[in-house]
Amino acid sequence: MNIFKKIILTVLASLLLIGNVYADKITIGTEGAYPPWNSKDASGALIGFEVELAKELCAIMNHECTIVEQDWDGMIPALLMRKFDAIMAGMSITAERQKTITFSQGYADEVAALAVMKGSSLEGMDTPAGIGLSSPNSDAKKALKTIKAALAGKTVCTQTGTIHQNFLESGDVGKVNVRTYKTQDEVNLDLVAGRCDVALAAAVAFTDYAEKSGKSVVLVGPTFSGGAFGNGVGVGMRQGGSDTIGKRDAKLLKDFNKAINTARKEGIISKLAIKHFGFDASM
Amino acid sequence: MATSLPKLLSAAVVTLKLLSLSLIFGLAIGLLFAILRLNKNPIINKFAYGYSYIFRGTPLLVQIFIIYFGLGQIEYFRSTFLWVVFKEPYWCAIIAFALNTGAYTSEILRSAFQTIKPGIIEAGKSLGISNKIIFYKIQIPVAIRQSLPAYGNEIILMMKGTSLASTVTIMDLTGAAKHIVSTTYKPLEVFLLAGGIYLFMTFLIHNLIKYLEKKYSFQ
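Chains A and G, in that order, give the protein sequences.
Here the first sequence stands for residues 1 to 283, numbered as in the working numbering.
Here the second sequence stands for residues 1001 to 1219, numbered as in the working numbering.
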């Protein structure tokens, strides 16, 4: 056997070993660009509600955790390719996503909202404060009609691959001109620049931006929940299987569910939610 | 797979539109700046050199971001009539692409002008043809023919460069592929398909240039 073969085999063997040392070590993927859920500080370190919650959950599970960054549009493919074991990235539990991955129980809930720049003609829309879309009542249906009329011919901006995009493309508010962006940051920039007449995202994403940037971004219309907006935010994980990795995934899911129960009972989730959102978004 | 192909093909039409408009504007810019580069006035030719230096020396992605996100941040700029054009992602992309390919095209054409044998121009002069006619009827056609192989490469590079339009919300071939991946979570299949379509477009452009080279060969 020549020396090169030896080197290659050694490298391959060590790669396999690295892959197998995950007995109690798990990797969690987050976006780092969706404050206050998850973001980065000036030095590039990951911060936010989910980063702190992940650390708490790992402590409860007694797992050693690494939190890594992943662009939103590659989040689920990266999970499936085993770049990490779990997603904690403000990802709502939806039936659409459950076709591909599985979720732990929800740990927090968010409402979505439309936002415009102050002075927009869309301000003062006559709708209830919030509507649920799981089984919309007459008020919700009326509100959807009002929104449909208001959005006609407008450019609505949102982040790609989100529940917000799904909702806009679902037809519930008619055929709208949707423009999708890689990150919420870019949505905010174009809303301020006036390229977007209106934007849709988690309500907190706009209020957080308005507060930090000082721009006059205001919420309009009702807040949305249920239906296309899913049932809260949970830990996204691979669907377990019968092989070694599948079994490990299934066990990890149980661990996460247990840890979330514990964290909820001990008030950890509420405390972190109030710290980052300004209200108790825990569930 | 079967459902994404028609979507990708119609997005490929967007890519071709972006490419052709960028090339038309880029060729005009390139020709203008190639001529400015050859001007004897140092201010004019330094200016032309500066333009080509800046646009060839910075990444196309950065140029798009400056034109799209950067200019949009300036409040004064948004109040000018230019905003009508710069408000649209489509035109921002075309402006960035045209300025970029224009810089490369100007270099290609400049070197083609410089390699024209003086004998050809002298032959024209000896026949009493005016300098203006020599320039339009001899120098420009010969330079364009000379630069065909290099320009063919530039077209292919630009075609691949148009994939950056997807970063400013345009649903070109890459944008549509990303959009499909965001709902199907099957990056391998979709991007392979998109890559195949790009490869096919390269094949068409390559053969078109080869055909033109043959048709307008000097032999």
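Glycine included, every Cβ here is placed at the ideal spot set by N, Cα and C.
*Would the segment 221-237 of chain A and the segment 105-112 of chain A be scored as touching if the rule is three or more Cβ pairs under 8 Å?*
Below 8 Å, enough C-beta pairs join the segment 221-237 of chain A and the segment 105-112 of chain A to call them touching: three or more.
*Does the Cβ of D139 (chain A) have 16 or more other Cβ atoms within 10 Å, making it buried, or fewer, making it exposed?*
As a working mapping, residue 139 (chain A) is identified with position 139 in the first sequence. By the neighbour-count rule (16 or more Cβ atoms within 10 Å), D139 (chain A) is not buried but exposed.
*Which one of A:I163, A:V156 and A:G161 has the shortest CA to CA distance from K175 (chain A)?*
Residue mapping note: residue 175 (chain A) aligns to position 175 of the first sequence, counting from 1. If we check each option's Cα against that of K175 (chain A), A:V156 comes out closest.
*Please name the residue, chosen from A:N2, A:A203 and A:D197, that lies closest to A152 (chain A) on a Cα-to-Cα basis.*
The residue you call residue 152 (chain A) lines up with position 152 of the first sequence. With distances taken between Cα atoms, A152 (chain A) lies closest to A:D197.
_So S134 (chain A) and G226 (chain A) are supposed to be a Cβ contact under 8 Å. How far apart are they, rounded?_
Looking up residue 134 (chain A) in the first sequence gives position 134. Looking up residue 226 (chain A) in the first sequence gives position 226. Confirmed, about 3 Å.
*8 Å Cβ cutoff met for M1158 (chain G) and F1097 (chain G)*: By one-based count along the second sequence, residue 1158 (chain G) stands at place 158. By one-based count along the second sequence, residue 1097 (chain G) stands at place 97. A contact, by the Cβ cut-off of 8 Å.
*asked:* Just checking: is the beta-carbon of T30 (chain A) within a distance shorter than 8 Å of some beta-carbon in chain G?
replied: By one-based count along the first sequence, residue 30 (chain A) stands at place 30. At a cut-off of 8 Å between beta carbons, T30 (chain A) makes no contact with chain G.
_Uninterrupted beta strand (DSSP E) stretches inside the segment 118-166 of chain A (no shorter than 3 residues)_ = Listed in chain order, the beta strand (DSSP E) runs fully inside the segment 118-166 of chain A are 130-132 and 155-159, counting runs of at least 3 residues.
*For C65 (chain A), which residues does DSSP report across the bridge?*
Sequence index remark: in the first sequence, residue 65 (chain A) carries index 65 (1-based). According to DSSP, C65 (chain A) shares a beta bridge with A:I26.
*Report yes or no: do the segment 250-259 of chain A and the segment 44-64 of chain A share at least 3 C-beta pairs separated by less than 8 Å?*
These segments touch.
*Given that Q1063 (chain G) touches chain A, what residues does it touch there, using C-beta distances under 9 Å?*
Position 63 of the second sequence holds residue 1063 (chain G). In chain order: nothing, as chain A lies at least about 17 Å away.
*Would you say R238 (chain A) reaches chain G, if we count a Cβ-Cβ gap shorter than 8 Å as a contact?*
Position 238 of the first sequence, counted from the first residue, corresponds to residue 238 (chain A). Interface residue (Cβ-Cβ distance to chain G less than 8 Å): R238 (chain A) is not classified as such.
*Report yes or no: is there a C-beta of chain G within less than 8 Å of the C-beta of Y34 (chain A)?*
Translated into the one-based positions of the first sequence, residue 34 (chain A) becomes position 34. No, its Cβ sits nowhere closer than 8 Å to a Cβ of chain G.
*asked:* Quick check on P1141 (chain G): buried or exposed, where buried means 16 or more other Cβ atoms within 10 Å of its Cβ?
replied: One-based indexing of the second sequence puts residue 1141 (chain G) at position 141. Exposed.
*Measuring CA to CA, which of G:G1057, G:E1075 and G:I1134 is closest to A193 (chain A)?*
Reading the first sequence from its first residue, position 193 is the one you call residue 193 (chain A). Nearest in C-alpha terms to A193 (chain A), of all of G:G1057, G:E1075 and G:I1134, is G:E1075.
*asked:* By the 7 Å beta-carbon criterion, what residues does the segment 161-178 of chain A contribute toward chain G?
replied: Correct list: G161.
*Determine the closest residue to F205 (chain A) out of A:K145, A:N188, A:G221 and A:S170, with distance taken between C-alpha atoms.*
Locating residue 205 (chain A) in the first sequence gives position 205, counting from the first residue. Residue identity differs from the one stated: residue 205 (chain A) is Ala in this sequence, not Phe. Checked all of A:K145, A:N188, A:G221 and A:S170; the closest Cα to A205 (chain A) is A:N188.
*asked:* Does the CB of V1014 (chain G) have a neighbour CB from chain A at under 8 Å?
replied: Locating residue 1014 (chain G) in the second sequence gives position 14, where the first residue counts as 1. By the rule that beta-carbons nearer than 8 Å mark a contact, V1014 (chain G) does not touch chain A.
*On the DSSP bridge assignment, give the partners of L219 (chain A) in chain order.*
Reading the first sequence from its first residue, position 219 is the one you call residue 219 (chain A). Note: L219 (chain A) sits in a beta bridge opposite A:A115.
_Under 7 Å by beta carbon: chain G residues contacting I93 (chain A)_ = Residue numbering aside, residue 93 (chain A) sits at position 93 when the first sequence is read from its first letter. Neighbours of I93 (chain A) on chain G: none; closest Cβ ~16 Å, over 7 Å.
_Euclidean distance between Cα positions of Y1136 (chain G) and V1084 (chain G)_ = Along the second sequence, read from residue 1 onward, the residue named residue 1136 (chain G) stands at position 136. Along the second sequence, read from residue 1 onward, the residue named residue 1084 (chain G) stands at position 84. Their Cα atoms are separated by approximately 36 Å.
*Using a Cβ cut-off of 8 Å (strictly closer), state whether K1178 (chain G) contacts chain A.*
The residue given as residue 1178 (chain G) occupies position 178 in the second sequence. At least one chain A Cβ lies under 8 Å of K1178 (chain G).
*Flag this pair as touching only if the segment 1049-1069 of chain G and the segment 1157-1173 of chain G have three or more C-beta atom pairs under 8 Å; answer yes or no.*
Because the criterion of three Cβ pairs below 8 Å is met, the segment 1049-1069 of chain G and the segment 1157-1173 of chain G touch.
_Using a Cβ-Cβ cutoff of 7 Å, what residues of the segment 95-114 of chain A are near chain G? List them in chain order._
Here the close residues are T100.
*Do you know offhand how far R288 (chain A)'s Cα is from L1031 (chain G)'s?*
Chain A is shown only over 1 to 283; residue 288 (chain A) falls outside these bounds and no answer can be derived.
*What is the DSSP secondary structure of K251 (chain A), reduced to helix, strand or coil?*
On the first sequence, residue 251 (chain A) is found 251 positions in, with the first residue counted as 1. Secondary structure of K251 (chain A) (DSSP, three-state): helix.
*Would you please verify whether the beta carbon of K182 (chain A) is less than 8 Å from any beta carbon of chain G?*
Within the first sequence, the letter at position 182 stands for residue 182 (chain A). Interface criterion met: the Cβ of K182 (chain A) is under 8 Å from a Cβ in chain G.
*Report the residue from G:S1147, G:L1099 and G:T1101 whose alpha carbon sits nearest the alpha carbon of I1116 (chain G).*
Position 116 of the second sequence holds residue 1116 (chain G). Of the candidates G:S1147, G:L1099 and G:T1101, the one whose C-alpha sits nearest the C-alpha of I1116 (chain G) is G:S1147.
*Is the segment 93-102 of chain A touching the segment 1196-1205 of chain G, taking contact as three or more C-beta pairs under 8 Å?*
Per the Cβ contact rule, the segment 93-102 of chain A is not in contact with the segment 1196-1205 of chain G (fewer than 3 Cβ pairs under 8 Å).
*Starting from the C-beta of R1223 (chain G), find all residues in its chain whose C-beta is less than 6 Å away, skip the five residues before and the five after it, and write them out in chain order.*
Past the boundaries of the shown model lies residue 1223 (chain G); chain G is included only from 1001 to 1219, so the question cannot be answered.
*asked:* Taking 8 Å as the threshold (C-beta atoms), are A1165 (chain G) and A1103 (chain G) in contact?
replied: Translated into positions along the second sequence, residue 1103 (chain G) becomes position 103. Translated into positions along the second sequence, residue 1165 (chain G) becomes position 165. The answer is no: Cβ separation not under 8 Å.
_Residues bridged to L200 (chain A) (per DSSP)_ = Counting from one through the first sequence, the residue named residue 200 (chain A) turns up at place 200. L200 (chain A) pairs with A:L114.
*Within 9 Å of chain G by C-beta, residues of the segment 183-212 of chain A in sequence order*: Under the 9 Å Cβ criterion, the segment 183-212 of chain A contributes E186, L189, D190, V192, A193, G194 and R195.
*CB G1072 (chain G) to CB F1055 (chain G), shorter than 8 Å?*
Here the question's residue 1072 (chain G) lines up with position 72 in the second sequence. Here the question's residue 1055 (chain G) lines up with position 55 in the second sequence. No; because the gap between Cβ atoms is not below 8 Å, this pair is not in contact.
*Quick one: grab the DSSP three-state call for M237 (chain A).*
For the purposes of this step, residue 237 (chain A) is taken as residue 237 along the first sequence, with counting starting at 1. Note: M237 (chain A) maps to strand in three-state DSSP.
*Please classify P1118 (chain G): is it buried, with 16 or more other beta-carbons within 10 angstroms of its beta-carbon, or exposed?*
Here residue 1118 (chain G) refers to the residue found at position 118 when the second sequence is read from its first residue. Classification of P1118 (chain G): exposed, given that the 10 Å Cβ count is below 16.
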